[in-house]
Amino acid sequence: MAGPTRRLLDTATPRGKRIAARLKKEIVIWLATTNPDGRAVAVPVWFLFEGSTFLVYSVPGQKVHNIRRNALVSMHLNSTPDGGDIVRVEGKAQVLKRQPAAFKVPAYMRKYAGRIRSYGWTGEAFSAEYRIPIRVRATKFHGGE
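Numbering (this note's numbering), first residue to last: 1044 to 1188.
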């Protein structure tokens, strides 16, 4: 007989609340993929945290190629200057075929519209450049202590 199911990130605990709060407010998360030669490549990306998944929009390029070849990724937030307040996520990424453009995702635009404008873009122009949607499904959360 199977035991009770556990949520991947239990936001009823202080640890889970802390992690979820950081993932909701942070602007950048570092996404690490693996090159064909096995080297890790970490790049900062804008993201929308949606409970157990992350929505990222990317320009075409190396991280997209890496994800198509190897879906296993890691993500992490910046730490405090002394290396504390670590939040790290293991996950499986997928390049999406059917996903509205960034400017058509209200929560994404609420989070990033000001920054998009600060670069002199419209939502449509940003979405034309960052046109590859990626969904990362978290498999494990670390940190938050």
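Glycine residues also receive a C-beta, built at the ideal position from the N, C-alpha and C atoms.
Inset, instruction - Per DSSP, which residues does Trp1073 bridge with? Please list them. - result: Pro1087 and His1119
Inset, instruction - Work out the CA separation of Arg1111 and Arg1174 for me, nearest whole Å. - result: 16 Å
Legend entry - Contact belief for Tyr1100 with Pro1176 at Cβ below 8 Å, rounded distance in angstroms: 6 Å
Inset, instruction - Take every Cβ of the segment 1138-1153, pair it with every Cβ of the segment 1087-1099, and state whether three or more of those distances are shorter than 8 Å. - result: yes
Inset, instruction - Any chance you could list the alpha helix (DSSP H) runs of at least 4 consecutive residues sitting entirely within the segment 1100-1175, in chain order? - result: 1105-1112, 1149-1161 and 1166-1172
Legend entry - Paired residues, beta bridge with Gly1186 - DSSP: Val1130
Legend entry - Residue range of the unbroken alpha helix (DSSP H) whose run includes Leu1052: Here Leu1052 belongs to no alpha helix (DSSP H), and DSSP marks it neither H nor E.
Legend entry - CB contact flag (Val1084, Asn1078, <8 Å): yes
Legend entry - Secondary structure of Arg1082, DSSP reduced to three states: coil
Legend entry - Whole-angstrom distance between Ile1072 and Asn1121, CA atom to CA atom: 7 Å
Inset, instruction - Confirm the yes/no value for this check: CB of Gly1186, any heavy atom of the ligand ZN, distance under 7 Å. - result: By its list of ligands, the structure shown contains no ligand whatsoever, and the ligand ZN lies outside what it can speak to.
Legend entry - Through-space distance from Arg1058 to Val1102, alpha-carbon basis: 33 Å
Inset, instruction - Check whether the Cβ atoms of Ser1117 and Val1132 sit closer than 8 Å, and answer yes or no. - result: yes
Inset, instruction - Counting only the same chain and skipping the five closest in sequence on each side, list residues whose C-beta sits under 8 Å from that of Phe1092. - result: Ala1063, Leu1066 and Lys1067
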